[in-house]
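Colleague:
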Amino acid sequence: MQCEIRALSERRENGRKRVSDTLPKPGRVNEVCKEWLVHEDGALAYQLQQKEVQEHYSGNRSRNAIVREDFPKALDEQKREEEEAMARYLEMTRLQEERDARLAKEFAQRITLEEEEKQRRRLHEDEAIANQIQEKELQRTKDGKVRHLTAAAGSSQLGAAAAAVGDVNSVGLPLPAQLPPPLPPPSSSAHAHKSHHHQHLQQLTKQFRATNV
Numbered sequence: 095m096q097c098e099i100r101a102l103s104e105r106r107e108n109g110r111k112r113v114s115d116t117l118p119k120p121g122r123v124n125e126v127c128k129e130w131l132v133h134e135d136g137a138l139a140y141q142l143q144q145k146e147v148q149e150h151y152s153g154n155r156s157r158n159a160i161v162r163e164d165f166p167k168a169l170d171e172q173k174r175e176e177e178e179a180m181a182r183y184l185e186m187t188r189l190q191e192e193r194d195a196r197l198a199k200e201f202a203q204r205i206t207l208e209e210e211e212k213q214r215r216r217l218h219e220d221e222a223i224a225n226q227i228q229e230k231e232l233q234r235t236k237d238g239k240v241r242h243l244t245a246a247a248g249s250s251q252l253g254a255a256a257a258a259v260g261d262v263n264s265v266g267l268p269l270p271a272q273l274p275p276p277l278p279p280p281s282s283s284a285h286a287h288k289s290h291h292h293q294h295l296q297q298l299t300k301q302f303r304a305t306n307v
């Protein structure tokens, strides 16, 4: 601003110099004109300065008005963004909680199924072991019965044999211990076979007669 005023003053001084060259010598009129020009320059400078100040203050008022108008909007926008951020956070938290609850439920169900499967396998193994033990007991009982029956049958056979021996003794036949030793195997010839058989009969007859005497 001062530069503009200085430039105007210089132009006016240059103009006055050029005019003074053609005018007569300076006098009272020239001094009055000079003072008037100085006063006019000061008034012009004051007007320019006032205009600049007015524009500055007008700009400040406009900017302040814009700021005053935009500040509530900015607050509302900030509040809206904070509410949206909080809503997104709550939604993410809800989804995370639902996901965690679903995973926990699936994990609990899987553990329950595994425990049930283990219990079923344990029961199946226990039943198999019980069946094996029962089969062994039945087999042992059956074997005991067979041994008992075999022993009973053997005892009855021995009793029957003893009774038969008694019956033999009652009629005067020799006991098995009193029988002569068996004859040697017969030869291939028929004559030798008949001879041995005849000798064996003779020995039996002699023993029978000896027991009856």
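According to the working numbering, the residues represented by the sequence shown are 95 to 307, in order. Think of the CB as a built atom: it goes at the ideal place given N, C-alpha and C, for glycine as much as any other residue.
Using only the alpha-carbon positions, how far apart do R214 and E191 sit?
Modeller: 34 Å
Colleague: Quick one: Cα of N184 to Cα of E149, how far?
Modeller: A quick correction: the sequence has Leu, not Asn, at residue 184. Roughly 51 Å between the two C-alpha positions.
Colleague: Do you know how far the Cα of E163 is from the Cα of D170?
Modeller: 12 Å
Colleague: Going straight from the alpha carbon of A202 to that of E229, what length do you get?
Modeller: 40 Å
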